[in-house]
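Engineer:
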Amino acid sequence: MNKGSSNSLLICISVLFVSFYIGATSTSEDMSMEDILNYGAVEYVAESNLDGIYATLTAEESNIIQAEQTVVSTMETVAEAYYKESQGNIQDSEEGQVNIEDGDDSAFASMAIAKVSSYVNITETASKDGTVVGKLYNGSFATVVSEENNWTKIRSGVVTGYVPSSSLITGEEVKNTYKNYITYMAEATVNSLNIRSEKSTSASKIATINKGTKLEVIDKSDPKWVQVSFLNKKGYISTDYVKIELSYKYAISVKEEGELQKAAAAAKLTQAATSLTTTYGSKTTINSADMRLLVCLVFCESGSEPYAGKLAVANVVLNRYHSSKYPNTIKAVIYQSGQFSPTWNGMLNKRLATYDSGGFTSKNHLESIQAVKDALDGKNNIGSRLYFNGYNYEKNRGHKNAVRISNHLFW
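So the sequence shown is numbered by the working numbering: it starts at 627 and just counts up by one.
Structure (structure tokens):
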């Protein structure tokens, strides 16, 4: 790669905000900002990369990728905005781009790395009582602007401010240790690129990825093959079809932190939804009139949602039907005051008329019928949850054990 291009120590969106690796053993507890920045995994599969992967992965691995895709999409939107903002600060001039791979010792003269237990506040003035403008997490890089009275003015990401000089390593120590804080990423430049088990085109395939997929580099010493990490597996990709980039962490502003915390909350809900297990319990028997009501309600509430959303709504009604807290008939559950808006806004009556005239023939009509039948047969994808509403209305209300399925939140 050319000097001063992506081989330089530049800010790379693709690593800083894709540190959410949704593993099979992950919990649904809130992640701290330190977790967000230091979670460690950097395996990134964007939406456009999914089609070429599923054939070579297990169902569990595919579910992991689907969750990761949603999280990355949310996080990367935030990252891109701040990356563009930061370009005006440190990327525009050629002098601001430091190429540390060409033996340029002067590059280290103004470089600093945070060495703290978690993070250090960046303040507007050289005082611990100064207004906090951002945070510099352990291992994050910064440019030294000036030093005064045990305080160092730094620029990192979109943040400029002061940190205690004792929280940084600089000079020769940076030169000797910086490689411990950087990550190399390999980005596929073509579609249908095979990850091999060995350095050979005849070796078995671990997976097939598409253009734009970014994976952490384990070893790049071979000019023909790069070793990468993919879903906790190690494999090899031909260097003819990837580009290698340096990535590292930098400061996060107060504004960024707020946005990331919102994204982390969304990621938590996505993770919980992906980890849901579909169970098969006892069958529920209802009469044809109740079947008619339930099908039409499911269509009213989730007609444009995917099958999983329709199944979830059907199970909310059945969970209430089986609960001592609610009426003991399907009709009474559905028509309970203040519960399901289609019962009082006229929509349910319209759908019932369509159903009675034989008009339930569209894809979503038929999915609603199938979802109800499956739910009655004991198929359940939301456990014992009793409530749902639009995701955007409920996402910030702190519901315990909430999960998101498409545009609805269930709790």
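A virtual CB, placed ideally from N, CA and C, is assigned to each residue, including glycine.
DSSP state of Y1017, grouped into three classes?
Structural biologist: Correct three-state label for Y1017: helix.
Engineer: What residues in its chain sit with their C-beta under 7 Å from that of G678, if we drop five residues either side in the sequence?
Structural biologist: With a pLDDT of 39 at G678, under the threshold of 50, the modelled position of this residue cannot be trusted, and the question is left open.
Engineer: Which of the three DSSP states is assigned to H1034 in this structure?
Structural biologist: Of the three classes helix, strand and coil, the one that applies to H1034 here is strand, per DSSP.
Engineer: Are the CB atoms of Y788 and T749 within a distance shorter than 7 Å?
Structural biologist: It is a contact, given that the beta carbons lie within the stated cut-off.
Engineer: Do you know whose CA, among A934, S766, K875 and G984, lies nearest N1007's CA?
Structural biologist: It is A934 whose Cα lies nearest to the Cα of N1007.
Engineer: Does the Cβ of D1000 have 16 or more other Cβ atoms within 10 Å, making it buried, or fewer, making it exposed?
Structural biologist: It counts as buried.
Engineer: Please check the pair L937 and I960, which I expect to be a contact at CB under 8 Å, by giving their CB distance rounded to whole angstroms.
Structural biologist: Contact doesn't hold; Cβ gap of about 17 Å is too wide.
Engineer: Considering only the alpha carbon of each residue, which of R1023, G765, N941 and N975 lies closest to N906?
Structural biologist: Checking the sequence shown, residue 906 turns out to be Tyr, not Asn. Here the closest residue by C-alpha is N941.
Engineer: Please specify which runs of the beta strand (DSSP E), each continuous and at least 3 residues long, are wholly inside the region 763-827, giving them in chain order.
Structural biologist: Counting only runs of 3 or more, we get 767-774, 777-782, 785-790, 794-796, 809-814 and 819-822.
Engineer: With H, G and I counted as helix, E and B as strand and the rest as coil, what does DSSP make of Q692?
Structural biologist: Confidence is the limiting factor: at Q692 the pLDDT is only 47, short of 50, which leaves the residue's position unreliable and the question unanswerable from this model.
Engineer: In angstroms, rounded to a whole number, what distance separates the CA positions of L1012 and F1036?
Structural biologist: Roughly 8 Å separates the two Cα atoms.
Engineer: If we require 4 or more residues per run, which alpha helix (DSSP H) segments fall completely within the region 947-1011?
Structural biologist: Listed in chain order, the complete alpha helix (DSSP H) runs (minimum 4 residues) inside the region 947-1011 are 956-960, 973-982 and 989-1002.
Engineer: Rounded to a whole number of angstroms, what is the C-alpha to C-alpha distance between I863 and K805?
Structural biologist: In a straight line, the C-alpha of I863 is about 23 Å away from that of K805.
Engineer: Could you have a look at S879 and say whether DSSP puts it in helix, strand or coil?
Structural biologist: Note: S879 maps to strand in three-state DSSP.
Engineer: State the DSSP-derived secondary structure class of S864, mapped to helix, strand or coil.
Structural biologist: Note: S864 maps to strand in three-state DSSP.
Engineer: For F856, report the span of its beta strand (DSSP E) as first-last.
Structural biologist: Unbroken beta strand (DSSP E) run through F856: W851 to F856.
Engineer: Hey, quick one: how far does the beta strand (DSSP E) through V1050 stretch, first residue to last?
Structural biologist: Since the first and last residues shown for the chain are 627 and 1037, residue 1050 lies out of range.
Engineer: By the DSSP assignment, the alpha helix (DSSP H) with A915 in it spans what residues?
Structural biologist: Per DSSP, A915 belongs to the alpha helix (DSSP H) from S914 to S928.
Engineer: By how many angstroms is the C-alpha of C926 removed from the C-alpha of R977?
Structural biologist: Answer to the nearest angstrom: the Cα atoms are 7 Å apart.
Engineer: Cα separation between V668 and Y745?
Structural biologist: Only weak support exists for where V668 lies, its pLDDT of 30 falling under 50; the coordinates are left without a value.
Engineer: Are the CB atoms of I956 and Y874 nearer to each other than 7 Å?
Structural biologist: No, these two residues do not count as a Cβ contact at 7 Å.
Engineer: Excluding the five sequence neighbours on either side, which residues of its own chain have a C-beta within less than 8 Å of the C-beta of S792, listed in chain order?
Structural biologist: Same-chain partners within the cutoff: N776.
Engineer: Hey, R822 and G861 are a contact pair by Cβ (cut 8 Å); roughly how many whole angstroms apart?
Structural biologist: Indeed, because the Cβ distance is near 6 Å, the residues count as touching under 8 Å.
Engineer: What is the DSSP secondary structure of G907, counted as helix, strand or coil?
Structural biologist: DSSP places G907 in coil when its eight states are reduced to three.
Engineer: Could you check the C-alpha separation between E798 and I832 for me, to the nearest Å?
Structural biologist: Going from the Cα of E798 to the Cα of I832 covers about 41 Å.
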